[in-house]
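Sequence lines, in order, name chains A and B. Counting from 1185, one number per residue, gives the positions in the first sequence under this note's numbering. Counting from 1185, one number per residue, gives the positions in the second sequence under this note's numbering. Glycine is no exception: its CB is placed at the ideal position from the N, C-alpha and C atoms.
Protein chains: 2
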Amino acid sequence: MAMLMIGELARRTGAKVNTIRFYEDIGLMPLAARTDSGRRTYGEADVRRLKFIRNGRELGFSTEELKSLISLSEQPDRDCGAAAAIARRHLADVEARMARLAVLRNELEKVAVNCDGGRMADCQVIETIADVGSH
Amino acid sequence: MAMLMIGELARRTGAKVNTIRFYEDIGLMPLAARTDSGRRTYGEADVRRLKFIRNGRELGFSTEELKSLISLSEQPDRDCGAAAAIARRHLADVEARMARLAVLRNELEKVAVNCDGGRMADCQVIETIADVGSH
DNA sequence: CTACATCCTCCAGTCACTGGAGGATCAAGC
DNA sequence: GCTTGATCCTCCAGTGACTGGAGGATGTAG
Chain A
1185 MAMLMIGELA
1195 RRTGAKVNTI
1205 RFYEDIGLMP
1215 LAARTDSGRR
1225 TYGEADVRRL
1235 KFIRNGRELG
1245 FSTEELKSLI
1255 SLSEQPDRDC
1265 GAAAAIARRH
1275 LADVEARMAR
1285 LAVLRNELEK
1295 VAVNCDGGRM
1305 ADCQVIETIA
1315 DVGSH
Chain B
1185 MAMLMIGELA
1195 RRTGAKVNTI
1205 RFYEDIGLMP
1215 LAARTDSGRR
1225 TYGEADVRRL
1235 KFIRNGRELG
1245 FSTEELKSLI
1255 SLSEQPDRDC
1265 GAAAAIARRH
1275 LADVEARMAR
1285 LAVLRNELEK
1295 VAVNCDGGRM
1305 ADCQVIETIA
1315 DVGSH
């Protein structure tokens, strides 16, 4: 298994180099092993972990939540109620956001088509955003 | 039309008092009129504008995008192509996020039910988040 | 007239990055 | 063996969008 340098890890996960170092600083990624000259090296497990982190972040989990989830997963004998609780807390939030996004998407779709070339006075974008969520 | 104090505006829009002042600082809300003693006063137009801003923010528009949208809407004779363009740029993003949230929601739902009481070794939360979006 | 809520300004802190300066190291080509 | 360019290192300052608190003035109800 070939060791990866930080730049390659970045390419494989879509995270920026600086972001990976930042994750190490805050303990979200483990302290990386180093070459003799001090360069960080990574393996496949790091690729998986970082992909997990990036996905989690984009889906709205905080770094602290991800830390809990990871440290939970590293204690395979304890029960997973805690992980499920974090997930469930997130579920309601996710559903609410989806509902509002759905409304917005439909309105934006209409607007993006109708609006082009018209005058601002007839533009629906502003009204649309003002009204989403006041359902 | 009764004038509102900042606290009442906050209550009606869900924004915090400090956030409203912050929006004034960065020019997202206009400089509020003041009473003799220096307190900010607001009217119905401010309620609408702030609701628009809060919704826009929660739906992922940046404060700069909202500023553009607002200043566009204040020039009703110019064409609304620019507003539509901002909306369209957002549309693709919104759709991508919805798709991933949908996958996540379905998985979290399964997991939140199955997982409770099990051992971490069998827990799907981690796998689920690691895989969403890698499809 | 005394509480107490609400307002004011100013400023420091938070979260999750992002970017850059200044310098070392490495791999490839001449 | 040497230069060039990419990549790496550390450290630190900045960003966006707030959030919270200190310290003090003002308004209102009993």
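Cβ shell of residue i (< 7 Å), same chain only, five flanking positions each side left out
i: I1270 of chain A; result: E1249, S1252 and L1253
i: L1212 of chain B; result: I1237, T1247, L1250 and K1251
i: E1208 of chain B; result: L1215 and A1216
i: T1219 of chain A; result: T1225
Buried or exposed (CB count within 10 angstroms, at least 16 for buried), residue i
i: A1314 of chain A; result: buried
i: T1312 of chain B; result: buried
i: A1199 of chain B; result: buried
i: N1202 of chain A; result: exposed
i: A1268 of chain A; result: buried
i: T1197 of chain B; result: buried
i: D1230 of chain B; result: buried
C-beta contact flag for residue i and residue j at 8 Å
i: F1236 of chain A; j: I1310 of chain B; result: yes
i: L1285 of chain B; j: L1243 of chain A; result: yes
i: M1187 of chain B; j: T1225 of chain B; result: yes
i: A1194 of chain A; j: I1210 of chain A; result: no
i: M1282 of chain B; j: M1282 of chain A; result: yes
Chain-ordered neighbours of residue i on chain B, where CB pairs are closer than 7 Å
i: D1230 of chain A; result: None at all; the shortest Cβ gap to chain B is about 13 Å.
i: S1246 of chain A; result: In chain order: nothing, as chain B lies at least about 13 Å away.
Neighbour list for residue i in chain A, Cβ cutoff strictly below 8 Å
i: E1279 of chain B; result: R1289
i: I1204 of chain B; result: Per Cβ cutoff of 8 Å: no residues; I1204 of chain B is ~17 Å from chain A at best.
i: E1293 of chain B; result: L1275
Residues of its chain near residue i, where Cβ-Cβ distance is below 8 Å and the 5 sequence neighbours each way are ignored
i: C1264 of chain A; result: L1256
i: V1278 of chain B; result: L1243 and G1244
Chain B residues whose Cβ lies nearer than 9 Å to that of residue i
i: L1253 of chain A; result: V1309, I1310 and I1313
Proximal residues of chain A, C-beta to C-beta of residue i below 7 Å
i: L1256 of chain B; result: M1304
Contact set for residue i: own chain, Cβ-Cβ below 6 Å, skip 5 residues either direction
i: G1240 of chain A; result: L1250
i: R1233 of chain B; result: none
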